Structures are given as C-alpha cells and as structure tokens.
Amino acid sequence: MNLAEWQREFRTWLVTPSDEAATRFGAGATAGLAVYQNNYRAQLMSCLEVSYPQVRRWIGDDAFREASITHIERHSPQTWTLDHYGRDFPSTLLSMYPRNPDLQELAWIEWALSEAFVAGDAASMPADALSHVDWDAARLVFTPSLRMHAARTNAGDIWSALEADTDVPEGSMLDAPGGYVVWRRGFTSRLKRVDAVEYAALCSLRDDDRFAVLCDTLVEHLDEEDGVARAGTLLADWLGAAIVVAVDG
Amino acid sequence: MFTPPPTFSGYGLGLRKEHYRDFLETDVPVDFVEVISENFMVDGGQPRHILRQVREKHPVALHGVSMSIGSSDGLDIDYLRKLKALADEVQPLFVSDHLSWSRIAGFNSHDLLPVPYTDEALAMVCRNIDMAQEILGRSMLFENPSSYVAFEGATMMEWEFIAEMSRRTGCGLLLDVNNVFVSASNHGFDAHAFLRGIPADRVRQVHLAGHTEGAGMLIDTHDQPVCDDVWALYATAMSLLGPVATMIERDDSIPPLAELMAELDKARGIGSRQQHQEAA
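In the order they appear, the protein sequences are chains A and B.
Those letters in the first sequence? Residues 3 to 251, per the working numbering, in order.
Those letters in the second sequence? Residues 1364 to 1643, per the working numbering, in order.
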C-alpha cells in the first residue's frame, strides 16, 4: 500500500469501522485504531454539543446524542475548521423530527448566533454621514454578521428562555409568521424576531441593496405613504442597531 | 530552504478560554503564551480582539492542528493563506503544527493521524513543509505526535524521520516530551534513544502535558498534570537541549491558573538545575 492508499484506508476505517477494515493495518493495530476511532467520534460529538447547547437542553441528552450519531454517520467533516461541522445539523434535526419546525428553527438560531460571533468586524456609521446621501442612488451595507431566516414558530422565545434559564414555553406555531434576524453588535451576538413586512424588506435588500428597492418593497406591502415612512423608520432602527453599517451613495 | 526560527528560552502556557480574564486583567508571570492557531483564524469578533490584547502583553506562539503536513493530497492553500494573515498580524514567536495528517480526498478527521515512517512519506512531508514555509514566508516548527498505530512497512524510526525532515527542509522542532513518553510506551521503543536521535540544535520549543492510561495503551489526553516519568524525561531532554522555550499544555479539565503556574515553576526549576549542572 502506498501512502495515498494507506490514508484512504484509514479514512474508510474512521468513517465506517469494521473488523475487516482493521485487519488491513496488521493484526496488532486493532487497539490503536480503536483509540483513533474514539477520538474521531468524540471530537465530532463534542463539536455538536458546543455548537448547540440549547438544542441539547431542549430535546434532552439522549435525543441529542441520537441526533448527533445520525449526523456523524451522514456527514463526515470536510473542511480544516471544526467551526463548520455543525452547519448541516438543523437539516439532520428536520429530517429526524419533520413535525417539529420549532426544533429546526431553534437549531438555526444557535448556529446563526455562533457564526455571527466570529463574523467580520464592521465599524459603526458616524451620525452625520447621512447628510450628503443621494437617496435615489443610495446602497445599504449590512453588517457581515447578519443572518436571516423565516420565523414560523416561537423558537426565539424558547431560545431566550433556555438562555436565561427561565420557564421554557411549549413549542407553538406563530399566529403571524415573520423572520428571525441574528447579527453581532460589538462583541455580542443578538437575536430578534421581526414582522413579515420587515423580514420581506431585509430579504429584498439582501438581493438588491438599493434604498429605492427597499422603498418599492415596502410600498408593495403597505401603501405609498406608509411604505416610504416605514422605510425611513426601519433604516433608522437598523442603523441604530448596527444591522446596517454604511450607506453608500 | 529556510533557516530554523531564532532561539528563545523562557517558560509559557497555552492560552485557554478559562484563563482569558487572568491574562487580560492581571500580569501573569510567563515569558510567552501559545494559542491554537485555528481558534483565531476567524474573520473577526471577540477571539481576534482578545488575541490582540494578549499580544500587547506577551510574545505569542501560534500552534496549529489542521495543516495536515503528512497528507498525500498536499496542503490546503486556503488554510495556509488564513494562517499567513494571522501570523502577519500577530508576528508570532513561532508557528508550529504536527508531524501528522488529517485530510484526505475531501475528508478531514480533525485528529492527528500517524504518518508512516517511510521514504515515500518523508518525501511527501518535506514537499509539504517546503510549500508551507514558502507561503508563510517563515520557517516552522513541527511537533512529534503521540501515536497508537505503527505502520507495518516503516523503514525508519520516528526520530530518524524527524531528523531527516528537519535536515531537508530547515524546519525547527517542537519536542513534546509527553508524546515521546506515550509513543515509546505504546510502541515499545526507548524514549531516551528518541531524545538522543533528534537534532538538539533544531529544537526551539518543548511541550509538557499529561496523559491517561487506556486499555493497554497510554492516551495523550492533556487533561492531567504532568506525571513523574515525564518530568524525569524532561530533565534528560533539558540536559541534551540546553535552554529552550518550555510550556505546559492543558486542553481539558482545565484547572485554576495557579495550578498550571505551579507546574510551570517546576519546569523552571528543572531547567535551571540543568543549566547550573552544565555551568559547573
């Protein structure tokens, strides 16, 4: 076996261990291979536990362990950083618990918060920077840490209660769907639930960053007068919260 | 070929989250700290901010776990560019990683897997080290890992492989004394032969750590104090190496800082005694 073949065999053994695979490394290798196998799986289990502490509390240790084992069997790590490994865990949870959209949304929230924690830094915009903006051409710049997801359940309330260690509400569908917004201000990751109009406005800006497009989207959802007024209000809120960090143009 | 990194003697600790506050708010009496490079190879946020603050107070060594220098697939260029950006900002004392592999065919084990000690692997490792040092624009240190499986077709001992690797590439060495002890116990070789077999003038840093007894094997867990046998081996290493940067490496069951400082004082004592014996 050359080096490449040996390393491929080793990978195969780590991902799908078997007695037959172990014999390829020699009769005396079994105990040592078991150490590597244990290290590999323990590392990935630990990574998921660290990435999803509130999901773990919400569903309990046994269910979380089962979900982690399922995830590890379906997804082997591919990039140099373990930080990426849990990215598809919400999908694994969705496939295992298709009737629990609250769980999938809770997992999305935890993942988005951890991504936001180490996203690129952004300087706040000086208050007087808006005075010379040409609003017809203006483009809004989101903070690099911004993450958005449709909100159908009260997963945000569940996450907040788990985080604060207070009474956790039952999972339920929202009367009025909207969106979850996660971003980082300073060094603190933040979560807020927004109504459907604000969520649509943020989504439209993600596709086209012009302020004029924001106004068009809001006029579509509201009417001419209320839409333009809401655009001004939302922009002020986003600037104040450091969701929008620059206005170019 | 790069020349080995400059010499630096002193005593340090691995910087871990549990001790961030100690390092930021007090004057911890260490000569340097070592951080896990990958934990800070992020776009922004608090980790990079903390590292910048610590760097203002202490020299910093960057210690990686994901370079996968022994991979037959070569190196991940994206990884190297991110490491270079971090190194350029931090201006570290050393940049190090392990003589191991973790990446093959789009898979990453995130574990330090053993390299077969063969001529083919040596050539591959040296090519990868040359490329890493070229892209980083600096020489690196490579650490001997703990291992649990030996390759049946190996044609040389670990220390022979390391000596030749250093000779061909000019890289420096990070001697992990605990790993020597663990691997010697697991594979039945003489730990002192290892210490005598590596080129002393290439060793720039020493790691001290604890291990755990597993089923018929010692496991490098970094969750225990340094044991007496490893302290004894460290004393031997210091008599062979002379003054060299030494640090305590704890990654799990992290105790209060005072406990690690006590271990570091013990290392200082041993290092100091060896220097006095040499002087006498």
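Glycine included, C-beta positions come from ideal geometry on N, C-alpha and C.
Keep in mind that this is a model prediction, so the values were computed, not measured.
- Listed along the chain, the chain A residues whose CB falls inside 7 angstroms of the CB of S1435 (chain B) are L5, A6, Q9.
- With distances taken between CA atoms, V1593 (chain B) lies nearest to B:L1571 out of B:L1571, B:L1603, B:R1613, B:R1631.
- For the C-beta of A1572 (chain B), not a single chain A residue is nearer than 7 angstroms; the gap to the nearest is close to 15 angstroms.
- For S1472 (chain B), the uninterrupted beta strand (DSSP E) run begins and ends at 1470 to 1476, by DSSP.
- Selection B:V1405, B:L1476, B:L1378, B:G1577 evaluated against R13 (chain A) yields B:L1476 as nearest (Cα-Cα).
- Note that the C-beta distance between A121 (chain A) and V247 (chain A) is not below 7 angstroms.
- By the rule that beta-carbons nearer than 7 angstroms mark a contact, S1635 (chain B) does not touch chain A.
- R76 (chain A) and S70 (chain A) have their C-alpha atoms some 10 angstroms from each other.
- Taking each of B:W1464, B:H1473, B:H1461 in turn and checking the Cα distance to D85 (chain A), the smallest one comes out for B:H1473.
- When A:D159, A:F213, A:A109 are compared, the shortest CA-CA separation from L96 (chain A) is found for A:A109.
- Chain B has no Cβ within less than 7 angstroms of the Cβ of T25 (chain A).
- Within the segment 174 to 202 of chain A, contact with chain B at the beta-carbon level (separation under 7 angstroms) is assigned to R186, F189.
- If you ignore the 5 residues before and after F66 (chain A), its C-beta comes within less than 6 angstroms of the C-beta of R58, all in its own chain and listed in chain order.
- Within the segment 1444 to 1478 of chain B, K1445, W1464, S1465, R1466, I1467, A1468, G1469, F1470, N1471, S1472, H1473, D1474, L1475, L1476, P1477, V1478 place their CB atoms closer than 9 angstroms to a CB of chain A, listed in sequence order.
- Counting C-beta atoms within 10 angstroms of its own C-beta, F189 (chain A) has fewer than 16 neighbours from the protein chains shown and is therefore classed as exposed.
- If you draw a straight line from the Cα of G1605 (chain B) to the Cα of H1555 (chain B), it comes to about 16 angstroms.
- Excluding sequence positions up to five before and after L176 (chain A), its CB lies within less than 7 angstroms of the CB of A153, R154, T155, N156, all in the same chain and listed in chain order.
- Excluding five sequence positions before and after G1573 (chain B), the CB atoms of its chain that fall closer than 6 angstroms to its own CB belong to Q1587, P1588, V1589, given in chain order.
- Against A1547 (chain B), chain A offers no close residue; the least beta-carbon distance is about 14 angstroms (beta-carbon pairs closer than 7 angstroms).
- Counting along the chain, G1377 (chain B) sits inside the beta strand (DSSP E) bounded by residues 1374 to 1377.
- Bounds of any alpha helix (DSSP H) do not take in L1536 (chain B); it lies within the beta strand (DSSP E) bounded by 1535 to 1539.
- Taken atom to atom, the span from the alpha-carbon of D1406 (chain B) to that of E117 (chain A) is near 10 angstroms.
- Below the 7 angstroms Cβ cutoff, chain A contributes G28 as neighbours of E1515 (chain B), in chain order.
- Interface criterion not met: the Cβ of R232 (chain A) is under 7 angstroms from no Cβ in chain B.
- Every beta strand (DSSP E) of 3 residues or more that sits fully in the segment 150 to 212 of chain A is shown, in chain order, as 175 to 187, 190 to 196.
- Residues of chain A whose Cβ lies closer than 7 angstroms to the Cβ of V1405 (chain B) are, in chain order, V120.
- Collapsing the DSSP output to three states places R26 (chain A) in coil.
- Proximity to V17 (chain A) across A:A31, A:T72, A:V52, A:L5 peaks at A:T72, based on C-alpha coordinates.
- In the DSSP assignment, T1609 (chain B) falls within the beta strand (DSSP E) that extends over 1608 to 1611.
- The continuous stretches of alpha helix (DSSP H) do not include S1465 (chain B), which lies in the beta strand (DSSP E) extending over residues 1464 to 1467.
- Residue contact check for Y1442 (chain B) against chain A: a CB pair falls below 7 angstroms.
- Fully contained in the segment 1521 to 1582 of chain B are the following beta strand (DSSP E) runs of length 3 or more, in chain order: 1535 to 1539, 1566 to 1571.
- Closer than 7 angstroms to the CB of Q80 (chain A) there is at least one CB belonging to chain B.
- Under DSSP, S1459 (chain B) forms a beta bridge with B:H1426, B:L1504.
- When the Cα atoms are used, D90 (chain A) and W113 (chain A) turn out to be separated by approximately 9 angstroms.
- According to the DSSP assignment, D225 (chain A) belongs to no alpha helix (DSSP H), since it is labelled neither H nor E.
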